[in-house]
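Heads up: the structure comes next, in structure tokens.
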Amino acid sequence: MLIIFFILGLIIGSFLNVLIYRIRTAETILGRSHCRKCKKQIRWHDNIPLLSFILLKFKCRDCGNKISWQYPLVEFFTGALFALAGNQFFLLENFSTWATTGIWLFLISALIVIFVYDILYMEIPGIVLWPAIFLSLGFNLFFDYGRDFSTVWERMLISGSLAAFGAFLFFFALSFFSKEKWMGMGDAYLVILLGMILGWPKILLGLFMSFTIGAICGIILIVLKKKKMQSQIPFAPFLIVGTIVAMFYYNPLVSWYLSFF
4 MLIIFFILGL IIGSFLNVLI YRIRTAETIL GRSHCRKCKK QIRWHDNIPL
54 LSFILLKFKC RDCGNKISWQ YPLVEFFTGA LFALAGNQFF LLENFSTWAT
104 TGIWLFLISA LIVIFVYDIL YMEIPGIVLW PAIFLSLGFN LFFDYGRDFS
154 TVWERMLISG SLAAFGAFLF FFALSFFSKE KWMGMGDAYL VILLGMILGW
204 PKILLGLFMS FTIGAICGII LIVLKKKKMQ SQIPFAPFLI VGTIVAMFYY
254 NPLVSWYLSF F
């Protein structure tokens, strides 16, 4: 099943690349894929995820324009994350996991689009963010329905809402008092989604990983003179990486940490 989810992720990743570009240009997503430079339609056999990129030697068949590494990287990591999600959430014999896994795959796809879009344009696309927020809210309602829980924190609606509200207040304060120099308002809205996805207390690990990875990358960029202390760096990618880590590795990381005490 992992191979099936990986291949599905490659296909969806190819679509996400198109979506990222067409959100920016306000093009319809229904049209055929085309080269961004010469505008020639891409042949079906030149549009096979990963494989076509290698066979074409990283260039457009018609105009020779170099194909961005964004395309194979998005395809590969979408495939990898789909495989992780399938391994963690999907059971072939349990039909209810089919729907929940589908929702997780949609949310992962939304996070990938936001990740790349913020790197490229320093902006979080609301057309992707808000549907994902409402879907995650509906998912939490669906998860809680008809279930008995030993603690209130096991209820995804309560846990997710608390995490989303707390994270939003923290990031809103950072954005408001710094006049968006420390943190953009888009990041404050993004953590609503991340809180709904992770819930409490996973959001704490997600934010800790986000700030840690962001700080390390920022220091490296400054040392390499790619950025200056005053430079703005998109933070949404770090938030999303931290969320992915907490989503899939919360229990082993917490167990590893507690082993020191």
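In the working numbering, the protein residues as written are 4 to 264.
We put the beta carbon where it would ideally sit given N, CA and C, even for glycine.
Original post:
Out of curiosity, what's the CA-to-CA distance linking residue 56 and residue 66?
Top reply: One alpha carbon belongs to residue 56, the other to residue 66, and they sit about 15 angstroms apart.
Original post:
Roughly how many angstroms separate the alpha carbons of residue 90 and residue 254, rounded to a whole number?
Top reply: For residue 90 and residue 254, the distance between alpha carbons rounds to 15 angstroms.
**OP:** Pick helix, strand or coil for residue 62, following the three-state DSSP scheme.
**Re:** It is a strand residue.
Subject >> Inter-stretch contact at 8 angstroms, needing at least 3 Cβ pairs: the segment 208-220 / the segment 176-186 >> reply: Inter-segment contact for the segment 208-220 and the segment 176-186 is absent: fewer than three beta-carbon pairs are separated by less than 8 angstroms.
**OP:** Identify the continuous alpha helix (DSSP H) that holds residue 10 and give its terminal residues.
**Re:** Boundaries of the alpha helix (DSSP H) harbouring residue 10: 5-28, taken from the DSSP string.
**OP:** Could you pull the start and end residues of the alpha helix (DSSP H) that residue 242 belongs to?
**Re:** 239-261 is the extent of the alpha helix (DSSP H) around residue 242.
Subject >> Residue from 131, 126, 129 and 205 whose Cα sits closest to the Cα of residue 164 >> reply: The option with the nearest alpha carbon to residue 164 is 205.
Original post:
What's the gap between the Cα of residue 16 and the Cα of residue 54?
Top reply: Approximately 13 angstroms between the Cα atoms of the pair.
Original post:
Leaving out the 5 sequence neighbours to the left and right, which residues in its chain are closer than 8 angstroms to residue 5 when beta-carbon positions are compared?
Top reply: Excluding residues up to 5 positions away in sequence, 86, 89 and 90 lie with their Cβ nearer than 8 angstroms to the Cβ of residue 5 in the same chain.
Original post:
Which one of 173, 220 and 222 has the shortest CA to CA distance from residue 198?
Top reply: Nearest of 173, 220 and 222 to residue 198, Cα basis: 173.
Subject >> Minimum C-alpha distance to residue 110 - residue among 133, 20 and 13 >> reply: Closest by alpha carbon: 133.
**OP:** Count the other CB atoms, across all protein chains shown, that sit within 10 Å of the CB of residue 30; report buried if there are 16 or more and exposed otherwise.
**Re:** By the 10 Å Cβ count, residue 30 comes out exposed.
Original post:
Can you tell me whether residue 78 is buried or exposed, with buried defined as 16 or more other CB within 10 angstroms of its CB?
Top reply: Burial check for residue 78: the Cβ neighbour count within 10 Å reaches 16 or more, so the residue is buried.
Original post:
Is residue 127 near residue 201, with beta carbons less than 8 angstroms apart?
Top reply: Result no, Cβ atoms of residue 127 and residue 201 do not sit closer than 8 angstroms.
Subject >> Under 8 angstroms between C-beta atoms of residue 238 and residue 188 >> reply: No, Cβ-Cβ distance for residue 238 and residue 188 is not below 8 angstroms.
**OP:** Using a threshold of 8 angstroms, state whether the C-beta atoms of residue 209 and residue 245 are closer than that.
**Re:** Yes, the Cβ-Cβ distance between residue 209 and residue 245 is below 8 angstroms.
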